[in-house]
Amino acid sequence: TEYGWRINDVQLYSTLDCSGAEIAAAPTATASKEYPWCTDSTCVTTVDGLTHTAVDAAKTTDTQASTYWMSKLLRCNRPGDLAQESCSVQWTVPASGATAVQCIKVVQDPAHAPATLTLETQIGGQEIRVVSPTVATAADGSAQFSLQVGEANTKVFAEILVTPDQQTGNYRDVTSAQHCYYLCVINAEEGCRTFNYYAPTKHCILQTDRFVKYQGYYGQSVGVGFRDWTSGDIGVRLFGVDT
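Just so we're on the same page, the numbering used here is the position in the sequence shown counted from 1, plus 49.
Shown next, in the form of structure tokens:
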């Protein structure tokens, strides 16, 4: 970004394409490097003859399009870019919500928005984080992230995970397919590679590598037509290097 990054609002949806009504999840927000006009939500400051109210991260969750958070840095680059410092905003969604977040839309000032954004998700305070593919900012300043994992109405056929301490990979009351995928990522070093999630009962099954051809269900490693199931794998991951 040039001349600072500005976010007006973050919107959460229960649909994968950010359609329909927003989820009233009331997330809390914190940010790195906020612009120091003032951070007290009640204060008003005059800078260069212009009047500004607070621009802290809480402005991204007040549902007011006219308010915004602004970065302290005039130029923000992504983490890992050594040429410039990075900027980030963190939103925390209460775990008590009955509706799972499936899509996140970030509403920005088009004149003060980066060309691309990257979303990093973390569930339940776990150290492991999942980084989404980079998303381009639209002409209106918005950027949306679908949290879709796996393939709908499919099942992966594989052995159910059994950890070294003899715990099986069966989990009940898992909120969403995203949470099931995340559980597999957390248990990757124990051997989890694939997952199946059944939405009606919130049942998550963690598994090892999918069966090779001619094994499993009718000689397939993946079956289609399984209504309300979502399945997938955790992708390619590096677990170590032999020297």
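We put the beta carbon where it would ideally sit given N, CA and C, even for glycine. Bear in mind the structure is a predicted one, so any value in this text is a computation, not a measurement.
Coarse secondary structure for residue i, derived from DSSP in three states
i, result
"Gln157", "strand"
"Ile209", "strand"
"Tyr230", "helix"
"Tyr72", "Sequence check: residue 72 is Ile here, not Tyr. Coil."
"Lys251", "coil"
"Thr296", "For the chain, the structure presents residues 50 to 292; residue 296 sits outside this window and is missing."
"Asn57", "strand"
"Ala308", "Given a span of 50 to 292 for the chain in the structure shown, any question on residue 308 remains unanswerable."
"Ala5", "The displayed coordinates of the chain run from 50 to 292. Any statement about residue 5 would go beyond what the structure contains."
"Ala237", "helix"
"Ala201", "strand"
Whole-angstrom C-beta distance between residue j and residue i, which should lie under 8 Å
i, j, result
"Leu210", "Gly199", "Not really, about 16 Å apart at Cβ, beyond 8 Å."
"Ala187", "Ala164", "No, Ala187 and Ala164 are not in contact; Cβ-Cβ is about 11 Å, not under 8 Å."
"Arg242", "Asp282", "6 Å"
"Thr77", "Thr116", "No, Thr77 and Thr116 are not in contact; Cβ-Cβ is about 16 Å, not under 8 Å."
"Cys152", "Phe194", "7 Å"
"Thr292", "Lys251", "No, Thr292 and Lys251 are not in contact; Cβ-Cβ is about 43 Å, not under 8 Å."
"Val19", "Leu61", "This structure cannot settle anything about residue 19, because the visible part of the chain is limited to 50 through 292."
"Leu232", "Leu196", "In fact, because the Cβ distance is near 15 Å, the residues do not count as touching under 8 Å."
Exposed unless 16 or more other CB atoms sit within 10 angstroms - verdict on residue i
i, result
"Val290", "exposed"
"Asp58", "buried"
"Gly53", "buried"
"Gly274", "exposed"
"Arg221", "exposed"
"Phe244", "buried"
"Asn202", "exposed"
"Leu65", "exposed"
"Thr112", "exposed"
"Arg178", "exposed"
"Gln157", "buried"
"Gln216", "exposed"
"Ala162", "buried"
"Ala192", "buried"
Proximity winner among the options, relative to residue i (alpha-carbon distances)
i, options, result
"Thr170", "Asp214, Pro159, Thr212 and Tyr230", "Tyr230"
"Thr79", "Ser120, Ala185, Gln227 and Thr292", "Ser120"
"Thr340", "Val155, Ala160, Thr250 and Gly284", "Given that the chain is displayed from residue 50 to residue 292, the structure contains no residue 340 and the question cannot be resolved."
"Glu208", "Ala106, Tyr62, Gly240 and Arg178", "Gly240"
"Ile172", "Leu255, Ala70 and Gln227", "Gln227"
"Leu122", "Cys136, Thr110 and Tyr247", "Cys136"
"Val138", "Pro249, Val234 and Ala107", "Ala107"
"Asp258", "Ala237, Asp214, Val179 and Asp189", "Ala237"
"Glu71", "Arg55, Thr110 and Leu255", "Thr110"
"Thr279", "Phe206, Asp214, Pro213 and Thr212", "Phe206"
"Pro159", "Pro182, Asp189 and Thr183", "Asp189"
Residue-chain proximity (residue i, chain D), Cβ-Cβ < 8 Å
i, result
"Thr224", "Going by chain labels, chain D is absent from the structure shown, which holds only one protein chain."
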